[in-house]
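> Using our numbering, the letters of the sequence shown map in sequence onto residues -3 to 230. Glycine is no exception: its CB is placed at the ideal position from the N, C-alpha and C atoms. Handing you a structure now.
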Amino acid sequence: MKQIIAMGGGGFSMEPDNLLLDHYILNQSLKPNPRICFVSTASGDQDGYIQRFYHTFHSMACKPDHLALFDPHFKDLEDFVMSQDIFYVGGGSTRNMLVLWKEWGLDLLFKRAYENGTVLAGLSAGANCWFEEGLTDPLNAPLYKINGLGFIQGSICPHYDGEEKRRPSFHDLVGSGSMMPGFGMEDGAAVHFKDGQVFKCISSRPNAKVYSVFENTGRIHEEPLQMMYLGGLS
């Protein structure tokens, strides 16, 4: 089974006191003590970001590790990637991250791992990357479409409610046909895909939502999807 968990925002880096999404990600592995690897490429492998990951996941039932390209600590990249049970990709620059992944051959390795059952997860840039198209934000410039790895069909707009320009920019691009129909994911909301199809929409906040965004007869449509609030589970 192939699994991807794409978050609009949230998790340990945005909600350090609310780890509902992080626990959910861990629970999707079939392993009792899974190897979870944080991929921090999009942030330039910022040490503080990596340390926050370890601080969070060392207290959970897992074996945390990280994959850095700016200061690599692995001996063989292929062996390292294929030994992990979960990859958790952090936020930052989607464009820079994908350029580096392709230079290192990580795009192909992630595809192999995904097809072999490794769980892929991430927020913001770490969600953009898994789709055919994502919405990204360069400094001091309009938001624009970026091509992802295409493991999931369609497009994504993370931080749908967290950044003022996200929603209208996504509407404009989807409405004009410049972007494929896709998902608007608010901070604290995520979509769990199994074998490329929506399995469920989950949230770490009671009111966080995911929307299906598409154009029809010249008008943009935004339909909220059914959510499962993780804090409501006993």
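Between which two residues does the beta strand (DSSP E) containing N212 stretch?
Looking at the DSSP string, the run of the beta strand (DSSP E) that includes N212 is V206 to N212.
> Are there 16 or more other CB atoms within 10 angstroms of the CB of H54, so buried, or fewer, so exposed?
Counting Cβ neighbours within 10 Å, H54 comes out exposed, since fewer than 16 surround it.
> May I ask which residues mark the beginning and end of the alpha helix (DSSP H) holding Q47?
It spans D43 to F53 - the alpha helix (DSSP H) in which Q47 sits, taken as one unbroken run.
> So who's on the other strand from M224, going by DSSP bridges?
Partner(s): I198.
> So the candidates are D72, A57 and C58; which of them puts its Cα closest to the Cα of A64?
Selected option, being the one with the closest Cα: D72.
> Per DSSP, C153 is paired with what?
G180, per the DSSP bridge assignment.
> I'd like to know whether the C-beta atoms of I152 and A117 end up nearer to each other than 8 Å.
Their beta carbons are not under 8 Å apart, which means I152 does not touch A117 by this criterion.
> So, helix, strand or coil for D75, using DSSP?
In the structure shown, D75 sits in a helix (DSSP, three-state: H, G or I).
> Please report the straight-line C-alpha distance between P134 and C125, rounded to a whole angstrom.
Rounded to whole angstroms, P134 to C125 spans 16 Å at the Cα level.
> Tell me the DSSP bridge mates of Q(-1)?
DSSP output for Q(-1) lists K190 as bridge partner(s).
> Using beta-carbon positions only, say whether L4 and Y156 come within less than 8 Å of one another.
The residue asked about is misnamed: residue 4 is Gly in this sequence, not Leu. The answer is yes: Cβ separation under 8 Å.
> Using the Cβ count rule (16 or more neighbours within 10 Å means buried), how would you classify H19?
H19 should be labelled exposed.
> Flag this pair as yes or no: are the beta carbons of V170 and G178 separated by less than 8 Å?
It is a contact, given that the beta carbons lie within the stated cut-off.
> Please name the residue or residues paired with E129 in a DSSP beta bridge.
Answer by DSSP bridge pairing, in chain order: N143 and S151.
> Taking all protein chains shown into account, do 16 or more other C-beta atoms lie within 10 angstroms of the C-beta of S174, making it buried, or fewer, making it exposed?
Per the 10 Å Cβ criterion, exposed.
> With H, G and I counted as helix, E and B as strand and the rest as coil, what does DSSP make of K27?
Note: K27 maps to coil in three-state DSSP.
> Can you name, in chain order, every residue of its own chain whose Cβ lies under 7 Å from the Cβ of S36, other than the five neighbours on each side?
Excluding sequence neighbours, S36 sits near Q42, Y45, I46, H62, A64 and G86.
> Tell me the rounded alpha-carbon separation between I216 and V206.
I216 and V206: Cα-Cα distance of roughly 16 Å.
> Since D103 contacts L145 with CB under 8 Å, what's their CB separation in whole angstroms?
Between L145 and D103 the Cβ distance is about 6 Å, and since that is below 8 Å, they are a contact.
> Quick check: the Cα distance between Y140 and L131, rounded to an integer number of angstroms?
Taking the straight line from one Cα to the other gives about 6 Å.
> What is the residue span of the alpha helix (DSSP H) that K59 lies within?
Here K59 belongs to no alpha helix (DSSP H); instead the beta strand (DSSP E) covers K59 to L63.
> From V77 to T213, what does the alpha carbon distance come to, in whole angstroms?
Cα-Cα distance, rounded: 45 Å.
> Determine, using beta carbons only, whether H181 and A38 come nearer to each other than 8 Å.
First, the amino acid is wrong: residue 181 is Met here, not His. No, the pair does not count as a contact, with Cβ atoms beyond the cut-off.
> Count the other CB atoms, across all protein chains shown, that sit within 10 Å of the CB of F242; report buried if there are 16 or more and exposed otherwise.
Because residue 242 is not part of the residues shown, which for the chain are -3 to 230, the question remains open.
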